[in-house]
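Sequence positions in the sequence shown follow my numbering and run 6 to 271.
Glycine included, C-beta positions come from ideal geometry on N, C-alpha and C.
A quick note: this is a predicted structure, and the numbers were derived from the prediction, not measured.
Take a look at the structure set out below.
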Amino acid sequence: MSDFLNFSLEGKVALVTGASYGIGYAIASAYAKSGAKVVFCDIKQEFVDKGLASYKADGIDAKGYVCDVTNEAMVQDMVKKIEAEVGVVDILVNNAGIIKRIPMCDMSADEFRQVIDVDLNAPFIVSKAVIPSMIKKGHGKIINICSMMSELGRETVSAYAAAKGGLKMLTRNICSEYGANNIQCNGIGPGYIATPQTAPLREKQADGSKHPFDQFICGRTPAGRWLQAEELTGPAVFLASDASNAVNGHILYVDGGILAYIGKQP
Ligand code: NAP
Ligand code: GCO
Numbered sequence: 006m007s008d009f010l011n012f013s014l015e016g017k018v019a020l021v022t023g024a025s026y027g028i029g030y031a032i033a034s035a036y037a038k039s040g041a042k043v044v045f046c047d048i049k050q051e052f053v054d055k056g057l058a059s060y061k062a063d064g065i066d067a068k069g070y071v072c073d074v075t076n077e078a079m080v081q082d083m084v085k086k087i088e089a090e091v092g093v094v095d096i097l098v099n100n101a102g103i104i105k106r107i108p109m110c111d112m113s114a115d116e117f118r119q120v121i122d123v124d125l126n127a128p129f130i131v132s133k134a135v136i137p138s139m140i141k142k143g144h145g146k147i148i149n150i151c152s153m154m155s156e157l158g159r160e161t162v163s164a165y166a167a168a169k170g171g172l173k174m175l176t177r178n179i180c181s182e183y184g185a186n187n188i189q190c191n192g193i194g195p196g197y198i199a200t201p202q203t204a205p206l207r208e209k210q211a212d213g214s215k216h217p218f219d220q221f222i223c224g225r226t227p228a229g230r231w232l233q234a235e236e237l238t239g240p241a242v243f244l245a246s247d248a249s250n251a252v253n254g255h256i257l258y259v260d261g262g263i264l265a266y267i268g269k270q271p
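Structural data, given as structure tokens:
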């Protein structure tokens, strides 16, 4: 098949960070179904075990590692182990992320740093660990999970928006620096996805009515609903496959139309 139409990930090794559940799990599962050997990490053993059980129940033979992606020594060690036990990483998805919803003037500098550390410094650390072998192998795909907050601001998410905006520019810089090595680095900017990270924003009120934020998001999304993690998988497979070899430094927003929309008129 011509590379231009090749969406298969057959024979590829894909590392997805923070993929025991949520968006990372959905993307890693789609990669496995497209033929890749899936490797994931999470910060705690109990989540790795839970993730392994879920992949097994879905018929996926994944390999899980305990790794704090903010810790450079742990990341370097994990990547060495993956190369020895599974193979060189062909596809990296920087998915692990945290959010702290605190008004900026109430947020401590330490809390701000924690978010930057996981959401921005870690993608730098993990990318840096896999790029040398990708260069030797002659190709590589890096996909950074960005956000609406790579483009927009909102009350209470200063650190997250700073990190995800920075991640957009890290994406463009990896593209600029390693495009000549046949490495493509792109981002996916999910809209509002129903996962544990956003569960507090969807909690029902005491009287059984919808959370005001839930109503706000449905009103701001032309699709009129929250998205499912599985809806990110087609774009994620595309960006990991040879079909996207000419796409580099791009952020693909998968947002049900939020960024195109001024909001529901009164
Ligand atoms: P999630 O449900 O909270 O999952 C995030 C995963 O990252 C968890 O497995 C978490 O592990 C792991 N993680 C956190 N810190 C880590 C660290 N230092 N080292 C290794 N793993 C770590 O989040 P999600 O909603 O699936 O989001 C995944 C990514 O998409 C994040 O980057 C998020 O910012 C982004 N995103 C989400 C949405 C959305 O609406 N949900 C929208 C746009 C972008 P533990 O649970 O063990 O901490
Ligand atoms: C928030 C949300 C967002 C989403 C997502 C939007 O508090 O505004 O949690 O940040 O998780 O990143 O794309």
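Where K209 falls: helix, strand or coil (DSSP)
coil
Among K269, A33, D82, G254, which one has its Cα closest to the Cα of G229?
K269
Is S181 near the ligand GCO, judged by its Cβ being under 8 Å from some heavy atom?
no
For the alpha helix (DSSP H) that K38 lies in, which residues bound it at each end?
27-38
Start-end ranges of the alpha helix (DSSP H) lying completely within the region 145-215, minimum 4 residues:
163-183
Where does D47 fall in DSSP's three states?
strand
Taking 6 Å as the limit between beta carbons, can you name the residues of its chain near D95, skipping five residues before and five after?
K17, V18
Taking the alpha-carbon of G254 as reference, which of C151, G143, G64 has the nearest alpha-carbon?
C151
Tell me whether Y26 counts as near the ligand GCO, meaning its Cβ is closer than 8 Å to at least one heavy atom of that ligand.
no
Mind checking which residues open and close the beta strand (DSSP E) that includes L257?
256-259
Label V24 either buried or exposed according to how many other C-beta atoms from any shown protein chain fall within 10 Å of its C-beta, with 16 as the threshold for buried.
Contrary to the premise, residue 24 reads as Ala rather than Val in this sequence. With 16 or more other Cβ atoms within 10 Å, it is buried.
Consult DSSP for N76 and reduce its assignment to one of helix, strand or coil.
coil
For N11, collect the residues of the same chain with a Cβ closer than 7 Å to its Cβ; drop the 5 residues on either side in sequence, then sort them by chain order.
S246, D247, A248
Helix, strand or coil at L57 according to DSSP, with G and I counted as helix
helix
What does the alpha-carbon distance come out to for the pair Q233 and A199?
6 Å
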